[in-house]
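Structure, as structure tokens:
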Amino acid sequence: MFRSNTQEWLLPRINPKCENCNNNEYYNIYTTYIKPFLILSFGEWHPIFQIVCPVCGETIELDIDEYLLLSPFIKLNNLLETGKTDEYEYKYRLEVLESKRLYR
């Protein structure tokens with residue numbers, strides 16, 4: 104994801120274009136859960152966050168810090184896609200997110 108009105112990529116470790124097919128339209132982000140000792144009744148489920156290219160299916164695992172950086176943007180984009188917010192509100196909230204990110 105690029106910062107708004109710039110070409111600065113938010114995830115420096117991950118290439119903005121898919122390294123497999125050069126798609127740069129968008130990525131999908133999925134959360135899966137794994138339990139280290141699946142057959143035992145104790146133990147916790149651990150989340151795994153992945154970026155997936157929608158064209159070729161190339162998968163890159165995200166660190167928890169990278170996911171937390173993107174999480175507010177994911178929620179905001181979902182609000183826009185489901186129609187729960189309009190374009191004006193989306194842009195306003197995006198500016199607020201950017202200003203919070205810059206002052207950390």
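Residues in the sequence shown are numbered consecutively from 104, following this note's numbering.
C-beta: ideal position from N, C-alpha, C; glycine also.
Checklist entry - If you pair each beta-carbon of the region 114-126 with each one of the region 156-169, do three or more pairs fall below 8 Å? => result With the cut-off at 8 Å, the region 114-126 and the region 156-169 touch.
Next on the checklist: Checking 8 Å against the spacing of the C-beta atoms, do E164 and I151 come in under that value?
Outcome noted: In contact: E164 and I151 (Cβ atoms closer than 8 Å).
Item to check | Y191 in three-state terms, based on DSSP | outcome: Of the three classes helix, strand and coil, the one that applies to Y191 here is helix, per DSSP.
Next on the checklist: Quick check: the Cα distance between S174 and N181, rounded to an integer number of angstroms?
Outcome noted: Between S174 and N181, the C-alpha separation is close to 11 Å.
Next on the checklist: If you follow the alpha helix (DSSP H) that N181 is in, where does it begin and where does it stop?
Outcome noted: Start and end: 167-184.
Checklist entry - Taking C-beta to C-beta, are Y130 and V155 nearer than 8 Å? => result Against a cut-off of 8 Å, the Cβ pair of V155 and Y130 comes out as a contact.
Next on the checklist: Going by C-alpha to C-alpha distance, which of V199, P139, Q153, T134 sits closest to L114?
Outcome noted: Checking every option, the nearest Cα to that of L114 belongs to Q153.
Checklist entry - Given I177, which residues of its chain have a CB within under 8 Å of its CB, disregarding the five upstream and five downstream residues? => result Contacts found: I132.
Next on the checklist: Y193 and L179 - do their beta-carbons sit closer together than 8 Å?
Outcome noted: It is a contact, given that the beta carbons lie within the stated cut-off.
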